Amino acid sequence: MGAAQASAKQADTTVIQSDDQRRGNQGVAIVTGGAGGIGQSIARRLMAEGFDVVVGDLSAGDGDEKHPSSERGAPPVRALDVTSVESVNTFFDRVSAEHGTVDVLVNAAGVIAVQRIEQIKLADWTRILGVNLTGTFLCTQRMLGGLPQGQSGRIVNISSQSGKMGSANVSHYCAAKFGVVGFTQAIAMEVAARGVTVNAVCPTMVETDMMADVLAGHQALGAPAPEVQVTQLKAMIPVGRLAQPADVASVVSFLCSREADFITGQAINVTGGAWMS
Numbered sequence: 001m002g003a004a005q006a007s008a009k010q011a012d013t014t015v016i017q018s019d020d021q022r023r024g025n026q027g028v029a030i031v032t033g034g035a036g037g038i039g040q041s042i043a044r045r046l047m048a049e050g051f052d053v054v055v056g057d058l059s060a061g062d063g064d065e066k067h068p069s070s071e072r073g074a075p076p077v078r079a080l081d082v083t084s085v086e087s088v089n090t091f092f093d094r095v096s097a098e099h100g101t102v103d104v105l106v107n108a109a110g111v112i113a114v115q116r117i118e119q120i121k122l123a124d125w126t127r128i129l130g131v132n133l134t135g136t137f138l139c140t141q142r143m144l145g146g147l148p149q150g151q152s153g154r155i156v157n158i159s160s161q162s163g164k165m166g167s168a169n170v171s172h173y174c175a176a177k178f179g180v181v182g183f184t185q186a187i188a189m190e191v192a193a194r195g196v197t198v199n200a201v202c203p204t205m206v207e208t209d210m211m212a213d214v215l216a217g218h219q220a221l222g223a224p225a226p227e228v229q230v231t232q233l234k235a236m237i238p239v240g241r242l243a244q245p246a247d248v249a250s251v252v253s254f255l256c257s258r259e260a261d262f263i264t265g266q267a268i269n270v271t272g273g274a275w276m277s
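One point on numbering: in full-length UniProt numbering, the residue at position 277 of the sequence shown is 277, and numbering is uninterrupted.
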């Protein structure tokens with residue numbers, strides 16, 4: 001090989017490496033609801049493993065990008081309202097323009113409210129299903145629509161143990177999370193031949209700010225103090241502790257990896273044995 005050819009080859013390699021560095025060795029990953037809690041743990045785990053991660057979250061404000069540079073290993077957070085078609089389209093357009101094709105989507109945006117059935121207003125029902133279920137649909141549809149023919153991909157939806165068993169005082173949340181499991185299975189069947197896997201992860205109670213709000217909500221309806229509820233919950237979990245965000249992130253990370261090529265349409269429990277079916 002002549003010097004000119006060697007120089008050209010080196011230049012081509014440099015371009016390829018630069019593109020890989022921009023996209024991340026593993027590709028581009030979006031994590032919705034990734035500014036805190038479970039979503040944040042997932043986003044940081046994927047980023048540490050070489051994905052070019054972009055977080056979509058309401059906390060980013062009106063279209064402003066947040067770079068939590070004071071926190072090492074934190075990906076950028078950009079404005080996203082998963083219940084809005086316009087917001088979803090704007091978010092995905094920007095990510096695609098700046099980072100390239102989205103290879104991985106983790107639908108982690110979620111909300112919950114503790115309410116007896118007679119307390120639930122239509123607006124409450126619409127909000128809980130809108131964020132947890134409709135948002136999963138809108139982001140999944142947009143991600144798949146932007147995936148070139150022949151390119152594989154990964155979609156992981158965060159459901160819940162409450163997506164497999166009913167729980168008192170969160171009927172709207174259960175309805176949404178059951179829906180996420182059914183949606184996951186249906187879409188997995190549609191896109192398997194394209195090389196896209198679609199799975200759900202179903203955690204038990206995870207120690208986050210959301211859990212604290214849930215325990216306070218149950219207390220307001222007559223349950224014991226939160227610390228007593230935690231003791232009761234731990235007694236129901238064979239491994240003897242509550243889930244941590246990292247427990248969920250580990251499973252999501254595996255499902256996004258190449259090692260999970262043959263796993264699709266599954267709703268995987270992360271419950272410490274509290275729920276086994």
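A virtual CB, placed ideally from N, CA and C, is assigned to each residue, including glycine. This one's a predicted model, so the numbers in the text were calculated from it and none came from an experiment.
Excluding sequence positions up to five before and after residue 142, its CB lies within less than 8 Å of the CB of 88, 89 and 92, all in the same chain and listed in chain order. The beta carbon of residue 116 sits closer than 7 Å to those of 169 and 221, all from its chain and outside the five residues before and after it, given in chain order. As summarised for the segment 25 to 64, the continuous beta strand (DSSP E) elements at least 3 residues long and confined to that stretch are 27 to 32 and 51 to 57, given in chain order. Check the Cα spacing between residue 188 and each of 261, 114 and 229: the tightest is with 261. Relative to residue 249, the option among 27, 192 and 36 whose CA is nearest is 36. DSSP lists 154 as the beta-bridge partner residues of residue 197. Out of 60, 204 and 123, the CA that lies nearest to the CA of residue 113 is found in 123. Boundaries of the alpha helix (DSSP H) harbouring residue 124: 122 to 129, taken from the DSSP string. Residue 105 carries a strand assignment under DSSP once its states are collapsed to helix, strand and coil.
Here residue 253 is buried, its C-beta having at least 16 other C-beta atoms within 10 Å. Contact annotation, residue 110 with residue 33: C-beta distance approximately 6 Å; criterion of less than 8 Å satisfied. Listed in chain order, the beta strand (DSSP E) elements of length 3 or more contained wholly in the segment 202 to 231 amount to none.
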